[in-house]
Amino acid sequence: MSHKEGSTIISEAIYDSKERQYRYFLSRTWDENKKIITILMLNPSKANTLVSDKTVNNVIRYFEDSEYGSLQIVNLFAYATSDPSNLKYREEDKEKLNDDYIVSACENADLIIVAWTRGERKPRKREVAKLLKPFQGKVKCFQDATGKKPRHPRDLKKEEWILTDYSFSEIENE
């Protein structure tokens, strides 16, 4: 005897235009009755409403059997590129909207994960950290088995990584 199952993942994205040069928001919902995660990374890459990338898939796998059922992705920069060195080509007027989407995604999230990389882009990280301050009690980051944090979920290893409190002082001390 066979057993058939099915599911639906609802996907949404908000772009600047049909050309998708700037992505302000991306979400995946697999159980709308569960809690919402917002994850903040550097910039959008290839994921869209139909295609997930390794990062999106890793985060969903990490949380699929948990109390969470929805993932919202926002970024320090809205300019979509798979090569962060291309961020120098972004247009400031299109980036201005990004902060509103970051705040909105954080307002309705039960968990916020800082997943930008360490090091570069300190001024922008400080700006966004100020936006996150009102949500400080629910801001976490991934930490790997060696204690390194914050980690980007592209390399997420469910059995080795943990969620830990994000220290805003990490930005100040970078």
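All residue numbers for the sequence shown refer to this note's numbering, where the first residue is 23 and numbers rise by one.
For each residue, glycine too, the CB sits at the ideal point set by N, CA and C.
Small disclaimer: the values here were computed from a predicted structure and weren't measured.
Would you call residue i buried or exposed, if buried means 16 or more other Cβ atoms sit within 10 Å of its Cβ?
| i | result |
| --- | --- |
| I135 | buried |
| V73 | exposed |
| E196 | Low local confidence applies: a pLDDT of 46 at E196 is under 50, so the model's placement there is unreliable, with the coordinate-based value given in what follows. It counts as exposed. |
| Y44 | buried |
| K171 | buried |
| N130 | exposed |
| Y111 | exposed |
| S24 | exposed |
| R50 | buried |
| I95 | buried |
| P66 | buried |
| K80 | Correcting the residue type first, residue 80 is Asn in the shown sequence and not Lys. That one is buried. |
| I124 | buried |
| K147 | buried |
Check the C-beta distance from residue i over to residue j and give it rounded, since I have them as a contact under 8 Å.
| i | j | result |
| --- | --- | --- |
| L98 | L64 | 5 Å |
| I36 | Y46 | 5 Å |
| L48 | A69 | 6 Å |
| R176 | T77 | 5 Å |
| K57 | Y90 | 5 Å |
| A137 | I61 | 5 Å |
Using three-state DSSP, classify residue i as helix, strand or coil.
| i | result |
| --- | --- |
| I135 | strand |
| Q158 | helix |
| Y123 | helix |
| Y46 | strand |
| Y84 | helix |
| D187 | strand |
| N97 | strand |
| K116 | helix |
| T197 | It is not possible to answer for residue 197, since the shown part of the chain is limited to 23 through 196. |
| R176 | helix |
| R146 | helix |
| E129 | helix |
Tell me the DSSP bridge mates of residue i?
| i | result |
| --- | --- |
| L153 | DSSP, once it has assigned bridges, lists no residue as partnering L153. |
| A69 | A69 is not bridged to any residue. |
| E34 | S49 |
| Y111 | BP columns for Y111 are empty, so no partner. |
| K57 | Y90 |
| F164 | L185 |
| M63 | N97 |
Consider the Cβ of residue i: report whether some Cβ of chain B lies at a distance smaller than 9 Å.
| i | result |
| --- | --- |
| A137 | The chain labelled as chain B is not found in the depicted structure, where only one protein chain is given. |
> Between the segment 148-163 and the segment 105-117, are three or more C-beta pairs nearer than 8 Å?
Replying inline: no
> For the segment 109-129 against the segment 167-177, are there 3 or more C-beta pairs whose distance is under 8 Å?
Replying inline: no
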